[in-house]
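Beneath this line is the structure, given in structure tokens, with notes to follow.
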Amino acid sequence: MSSLAPLNSLITRFQEQTPIRASSLIITLYGDAIEPHGGTVWLGSLIQLLEPIGINERLIRTSIFRLTKEGWLTAEKVGRRSYYSLTGTGRRRFDKAFKRVYSSTVPAWDGSWCLVMLTQLAQDKRKQVREELEWQGFGALSPVLLACPRSDRADVNATLQDLGALEETIVFETTAQDVLASKALRLQVRESWNIEELATHYSEFIQLFRPLWQALREQENLLPSDCFLARVLLVHEYRKLLLRDPQLPDELLPGDWEGRAARQLCRNIYRLIFAKAEEWLNSALETADGPLPDVGESFYRRFGGLK
């Protein structure tokens with residue numbers, strides 16, 4: 001166990017999940033730590049790395065097998081050892097999700113909207129399209145009308161094409177508005193995007209990680225192993241939150257929006273511990289050629305700059 005009580009609490013909390021979300025944590029680990037180092041590691045070193053979090057060897061092997069079947073990972077045998085890396089599809093999936101995690105600011109909004117009408121879709125297809133677009137940040141203004149204040153038309157069309165719904169869906173793009181967020185629009189946003197529930201989740205994240213932030217700041221000599229454990233759990237919990245967050249423009253959010261404080265807290269902790277965590281990763285993980293390759297310059301641009 002760690003000498004940091006808040007970190008032990010976070011580890012215990014993760015272990016008490018039923019079931020333990022090992023596959024999700026492994027994806028977090030690949031996206032945050034392994035991909036910047038070339039993306040490929042020996043399974044045995046991965047097992048040793050995750051053991052302190054309470055994920056046993058059997059569960060890791062089962063999770064790796066599942067992620068390989070689902071197209072996230074691919075294996076390469078060198079002698080008796082297996083080395084796993086993200087597939088091209090897996091890399092594209094996590095690129096989109098992790099870009100949100102490390103961004104330092106929310107992009108500016110010009111007041112335009114993308115509107116998607118589902119009136120011509122069959123009921124079962126309508127539900128499928130709605131669920132997929134809501135995951136991408138759309139909100140339901142009505143059962144048959146979805147809206148997003150910041151969306152790439154090409155991405156929307158690609159999604160509809162993949163779902164076989166492009167020809168039966170009507171897509172509009174509005175021009176920029178003079179008044180970006182009227183009172184009526186703010187009220188509609190609260191209803192359509194369930195802002196209160198998301199704010200509650202952000203508050204829970206802050207309550208979980210603020211004690212860790214305080215403990216890390218008070219520690220004179222941080223242990224590399226503690227920093228790694230803190231980093232992977234921090235990014236894992238924050239990534240799960242962002243999957244629910246439609247990333248609405250500031251103009252549409254409350255002035256005391258909890259998401260801003262959560263982002264700041266995540267950035268502060270990450271900046272404090274990333275270097276020591278890198279020491280632990282370099283000592284613990286192996287590739288077929290031995291030590292991990294060095295990270296590229298893009299790694300240091302996370303959260304607006306790590307150096």
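Mapping of the sequence shown onto the UniProt record's numbering: residues 1 to 307, in sequence order. Glycine included, every Cβ here is placed at the ideal spot set by N, Cα and C. Just so you know, these numbers come straight off a predicted model, no measurement behind them.
Closest Cα partner of residue i within the set the options
{"i": "residue 134", "options": "125, 148 and 124", "result": "148"}
{"i": "residue 159", "options": "219, 128 and 178", "result": "128"}
{"i": "residue 100", "options": "220, 110, 238 and 141", "result": "238"}
{"i": "residue 264", "options": "274, 304 and 52", "result": "304"}
{"i": "residue 260", "options": "276, 242, 275 and 294", "result": "242"}
{"i": "residue 108", "options": "150, 193, 185 and 77", "result": "150"}
{"i": "residue 255", "options": "84, 231 and 181", "result": "181"}
{"i": "residue 292", "options": "25, 41 and 165", "result": "41"}
{"i": "residue 201", "options": "136, 266 and 240", "result": "240"}
{"i": "residue 262", "options": "47, 300 and 204", "result": "204"}
{"i": "residue 53", "options": "121, 290 and 226", "result": "226"}
{"i": "residue 63", "options": "164, 231, 21 and 3", "result": "21"}
Run of the alpha helix (DSSP H) containing residue i, from where it starts to where it stops
{"i": "residue 139", "result": "Here residue 139 belongs to no alpha helix (DSSP H); instead the beta strand (DSSP E) covers 139-142."}
{"i": "residue 81", "result": "No alpha helix (DSSP H) holds residue 81; the beta strand (DSSP E) holding it covers 81-86."}
{"i": "residue 205", "result": "195-218"}
{"i": "residue 171", "result": "First-last for residue 171: 170-173, but that is the beta strand (DSSP E), not the alpha helix (DSSP H)."}
{"i": "residue 240", "result": "224-244"}
{"i": "residue 147", "result": "Taken as a continuous stretch (DSSP letters only), residue 147 belongs to no alpha helix (DSSP H), being part of the beta strand (DSSP E) at 145-148."}
{"i": "residue 274", "result": "258-284"}
{"i": "residue 166", "result": "Looking at the DSSP string, residue 166 is not in any alpha helix (DSSP H), and its letter there is neither H nor E."}
{"i": "residue 288", "result": "From DSSP, residue 288 is part of no alpha helix (DSSP H); its letter is neither H nor E."}
{"i": "residue 191", "result": "183-192"}
{"i": "residue 303", "result": "No alpha helix (DSSP H) contains residue 303, which DSSP labels as neither H nor E."}
{"i": "residue 299", "result": "Careful: residue 299 lies outside any alpha helix (DSSP H) and carries neither H nor E."}
{"i": "residue 57", "result": "57-69"}
Delimiting residues of the beta strand (DSSP E) encompassing residue i
{"i": "residue 360", "result": "Residue 360 lies beyond the residue range present for the chain, which begins at 1 and ends at 307; the question has no answer from this structure."}
Straight-line gap, residue i to residue j (C-alpha atoms, nearest Å)
{"i": "residue 49", "j": "residue 156", "result": "39 Å"}
{"i": "residue 132", "j": "residue 222", "result": "42 Å"}
{"i": "residue 244", "j": "residue 196", "result": "12 Å"}
{"i": "residue 175", "j": "residue 110", "result": "9 Å"}
{"i": "residue 297", "j": "residue 274", "result": "14 Å"}
{"i": "residue 51", "j": "residue 138", "result": "39 Å"}
{"i": "residue 258", "j": "residue 185", "result": "20 Å"}
{"i": "residue 187", "j": "residue 140", "result": "13 Å"}
{"i": "residue 183", "j": "residue 270", "result": "36 Å"}
{"i": "residue 125", "j": "residue 192", "result": "20 Å"}
{"i": "residue 57", "j": "residue 295", "result": "27 Å"}
{"i": "residue 106", "j": "residue 246", "result": "11 Å"}
{"i": "residue 79", "j": "residue 17", "result": "36 Å"}
{"i": "residue 178", "j": "residue 162", "result": "35 Å"}
{"i": "residue 60", "j": "residue 277", "result": "21 Å"}
{"i": "residue 77", "j": "residue 70", "result": "19 Å"}
{"i": "residue 267", "j": "residue 154", "result": "31 Å"}
{"i": "residue 152", "j": "residue 166", "result": "15 Å"}
{"i": "residue 217", "j": "residue 229", "result": "16 Å"}
{"i": "residue 199", "j": "residue 19", "result": "25 Å"}
{"i": "residue 47", "j": "residue 136", "result": "33 Å"}
{"i": "residue 44", "j": "residue 74", "result": "15 Å"}
{"i": "residue 289", "j": "residue 26", "result": "22 Å"}
{"i": "residue 87", "j": "residue 72", "result": "6 Å"}
{"i": "residue 307", "j": "residue 3", "result": "27 Å"}
Residue i Cβ short of 7 Å to the ligand ATP heavy atom set
{"i": "residue 270", "result": "Although the ligand ATP was asked about, the structure shown includes no ligands whatsoever."}
Quick check on the DSSP output: what are the complete beta strand (DSSP E) runs of length 3 or more inside the segment 16-55, in order along the chain?
40-42
Counting only runs of 3+ residues fully inside the segment 95-127, write out the beta strand (DSSP E) ranges in chain order.
114-117
Are three or more beta carbon pairs between the segment 203-212 and the segment 3-10 nearer than 8 Å?
yes
Are at least three pairs of beta-carbons, each pair with one atom in the segment 166-173 and one in the segment 109-124, less than 8 Å apart?
Enough Cβ pairs lie closer than 8 Å, so yes.
Contact between the segment 247-259 and the segment 274-293: three or more CB pairs below 8 Å?
Judged by Cβ distances under 8 Å, the segment 247-259 makes no contact with the segment 274-293, as fewer than three pairs qualify.
Inspect the CB distances between the segment 31-46 and the segment 284-299 and report whether three or more fall short of 8 Å.
Using a C-beta cut-off of 8 Å, the segment 31-46 makes contact with the segment 284-299, since at least three inter-stretch Cβ pairs fall below that distance.
Inspect the CB distances between the segment 16-32 and the segment 87-103 and report whether three or more fall short of 8 Å.
The segment 16-32 is in contact with the segment 87-103.
Does the count of Cβ pairs from the segment 221-236 and the segment 77-97 closer than 8 Å reach three?
no
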